[in-house]
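Protein chains in written order, with this note's numbering: chain D, 1 to 268; chain V, 269 to 466.
Don't be surprised by glycine CBs; every beta carbon is placed ideally from N, CA and C.
No experiment lies behind these values; they were computed from the predicted model shown.
Okay, so here's the structure we're looking at.
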């Protein structure tokens, strides 16, 4: 056998999943071919690379995060979405079939229709301005987000937040709706999702200041931990005094306090 | 209870028993940490990414479906966490093996030196090649699982593993040769001058 033929079999040989015949032909080739046998030797040597151990702090941080999460769940308001009912992931087609999705879809079609109509009915048919139509569609989508963020059902608000993450640029209205959601939404899940969505727009100054302010306002340990993580991720040194203030506040969940300490040391 | 399969534990986490995540953390923090540390050469970042993986497991627990192998699912999350991290914080410069202290032949026993050179050779591979070797050799993912993870055909996985291994062999070979030369040069320096014994 030649190297090219062996190369097709080698990966399975390494996993020990060849038939006995194939296995024997590979072994025979390895006896004669230095390059191929060195490859096998390197593969075997890889298992001797040392297993590195994470520092003990890693477990402590995990515990803090988990405690905050468990505390956050027990504090979750009754009006909040039961997390079992929460849609597992954003499913566009599923959403399109929902009444809200249908309404949004109709609105989008209407926008296309109106534009097509305006352009086709004009005395001089001009090619439709694609950029203009896109702009209209964008604003329709933003309207959908705005209307979803105001729904009664936490599931719909959650979908509204997910929908907003599909946009590269947020218009100021959607941005302020998301900031409002982060501060006041009754559901922890929706507030967390809003934070996630806002984290993509960290270049907007009001996003960072809102996250810092939310630190003092939020009572849910889960949201507090997520906010702290976000500030560390941004390496936002200006957040340090706010974190100090948070850790001194009474009734603070001990896990959150520990997490704030960790964040302060990270930002130093 | 601690011997329960990962999948059962994850279903319990999904259905409200968040504390069961601790068992999964104990099982996976070291493999995940090694996946990241061998991939990035950065311990601090690797610990941060492991935390991020477990936070994401909580966030996305509802998307876990019964019957999904947990290992494959968690490595999907782990890959995404790393990709998102480097999207947000593009690396100013890639990891250079030169940043590591030199391996001197006299450093330690030959076995240790060889392992060290192999580690270095691994770090010299392009990231995608390093990743695929780590996934199959250290994380013990099956080729089918890797194919799903990387979104490619099973045969593509086989080809990529073979190419990665070829490159690793070459790189390891060069490093070993380089060290041997250094060793003989060092030995030559230490030799007494000719005729010195007379």
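task = Using a Cβ-Cβ cut-off of 8 Å, state whether residue 96 of chain D counts as contacting chain V.
result = Low confidence applies here, because residue 96 of chain D scores a pLDDT of 49, under 50, leaving its location unreliable; read the following figure in that light. Output row for residue 96 of chain D: interface = no.
task = Can you give me, in chain order, the residues of the segment 46-57 of chain D that have a beta carbon less than 9 Å from any beta carbon in chain V?
result = 46, 47, 48, 49, 50, 51, 52, 53, 54, 55 and 57
Status (buried if at least 16 other CB within 10 Å, exposed otherwise) for residue 322 of chain V = In summary, residue 322 of chain V is buried, with 16 or more beta-carbon neighbours lying within 10 Å of its beta-carbon over all protein chains present.
ask   = Quick one: is residue 10 of chain D near chain V, going by C-beta distance under 8 Å?
value = yes
query = Considering only C-alpha positions, which residue in the set D:248, D:246 and D:200 is nearest to residue 269 of chain D?
reply = Nothing about residue 269 of chain D can be read from this structure; chain D reaches only from 1 to 268.
request  = Mark residue 210 of chain D as exposed unless 16 or more other C-beta atoms lie within 10 angstroms of its C-beta, in which case mark it buried.
outcome  = Buried: at least 16 other Cβ atoms inside 10 Å.
request  = Would you be able to state if there are at least three C-beta pairs under 8 Å between the segment 150-170 of chain D and the segment 191-198 of chain D?
outcome  = yes
ask   = So, residue 289 of chain V versus residue 66 of chain D, is the Cβ gap smaller than 8 Å?
value = Cβ distance < 8 Å, so residue 289 of chain V and residue 66 of chain D count as in contact.
query = At what residues does the alpha helix (DSSP H) containing residue 206 of chain D begin and finish?
reply = Counting along the chain, residue 206 of chain D sits inside the alpha helix (DSSP H) bounded by residues 205-217.
key: Enclosing alpha helix (DSSP H) for residue 298 of chain V [first to last residue]   = 289-308
task = Take the Cβ of residue 155 of chain D as the centre, count every other Cβ of all protein chains shown within 10 Å, and call the residue buried at 16 or more, exposed below.
result = buried
Residue-chain proximity (residue 42 of chain D, chain V), Cβ-Cβ < 8 Å = At least one chain V Cβ lies under 8 Å of residue 42 of chain D.
message = Counting only Cβ pairs nearer than 7 Å, list the residues of chain V close to residue 61 of chain D.
response = 319
query = If you draw a straight line from the C-alpha of residue 49 of chain D to the C-alpha of residue 408 of chain V, how long is it?
reply = Taking the CA atoms as reference points, residue 49 of chain D sits about 14 Å from residue 408 of chain V.
request  = State whether the segment 305-323 of chain V contacts the segment 49-58 of chain D, with contact taken as three or more CB pairs (one from each stretch) at a distance under 8 Å.
outcome  = yes
ask   = Cα separation between residue 344 of chain V and residue 152 of chain D?
value = 34 Å
ask   = How would you write the range of the alpha helix (DSSP H) that residue 54 of chain D sits in, first residue to last?
value = Boundaries for residue 54 of chain D: no alpha helix (DSSP H) harbours it, and the DSSP string shows neither H nor E there.
ask   = Does the Cβ of residue 320 of chain V have 16 or more other Cβ atoms within 10 Å, making it buried, or fewer, making it exposed?
value = buried
inquiry  = I'd like to know whether the C-beta of residue 18 of chain D is nearer than 8 Å to at least one C-beta of chain V.
reply    = No, its Cβ sits nowhere closer than 8 Å to a Cβ of chain V.
key: Rounded Cβ spacing between residue 281 of chain V and residue 297 of chain V (contact assumed at less than 8 Å)   = Taking the Cβ atoms as the reference, residue 281 of chain V lies roughly 15 Å from residue 297 of chain V, outside the contact range of under 8 Å.
key: Cβ-based contacts, 7 Å cut-off: residues of the segment 284-304 of chain V near chain D   = Contact residues of the segment 284-304 of chain V toward chain D are 286, 287, 289, 290, 293, 297, 298, 301 and 302 (C-beta to C-beta distance below 7 Å).
query = If you drop the 5 nearest sequence neighbours on each side, which residues of the same chain put their C-beta closer than 7 Å to that of residue 300 of chain V?
reply = Within the same chain, Cβ atoms closer than 7 Å to the Cβ of residue 300 of chain V are found at 318, 321 and 346, the five residues on either side in sequence being excluded.
query = What number of angstroms, rounded off, separates the C-alpha of residue 92 of chain D from the C-alpha of residue 142 of chain D?
reply = With a pLDDT of 48 at residue 92 of chain D, under the threshold of 50, the modelled position of that residue is not reliable, and no figure is offered here.
ask   = Is residue 34 of chain D buried or exposed, if buried means 16 or more other CB atoms sit within 10 Å of its CB?
value = Per the 10 Å Cβ criterion, exposed.
inquiry  = Relative to the C-alpha of residue 147 of chain D, which candidate in D:178, D:168, D:8 and D:166 has its C-alpha closest?
reply    = D:178
key: Where residue 441 of chain V sits in the DSSP three-state scheme   = Here residue 441 of chain V sits in helix by DSSP.
task = Return the CA-CA distance between residue 83 of chain D and residue 29 of chain D, expressed in angstroms with no decimal places.
result = Low local confidence applies: a pLDDT of 42 at residue 83 of chain D is under 50, so the model's placement there is unreliable, with the coordinate-based value given in what follows. Going by the C-alpha atoms only, they are around 57 Å apart.
key: Contact set between the segment 431-444 of chain V and chain D, restricted to residues whose Cβ is under 8 Å from the partner   = 433, 434, 436, 437, 440 and 441
message = Whole angstroms are fine: how far does the CA of residue 252 of chain D sit from the CA of residue 89 of chain D?
response = The pLDDT assigned to residue 89 of chain D is 40, lower than 50, so where the model puts this residue is not dependable, and the model offers no usable value.
ask   = So with Cβ pairs under 8 Å, would you call residue 69 of chain D a contact of chain V?
value = yes
query = How far does the alpha helix (DSSP H) with residue 415 of chain V in it reach, from first residue to last?
reply = 411-418
ask   = For residue 64 of chain D, which residues from the same chain have a beta carbon less than 7 Å from its beta carbon, with the 5 sequence-adjacent residues on both sides left out?
value = The answer, listed in chain order, is 255, 258 and 259.
key: Cα-Cα separation, residue 242 of chain D to residue 214 of chain D   = 10 Å
task = Tell me where the alpha helix (DSSP H) around residue 182 of chain D begins and ends.
result = 172-184
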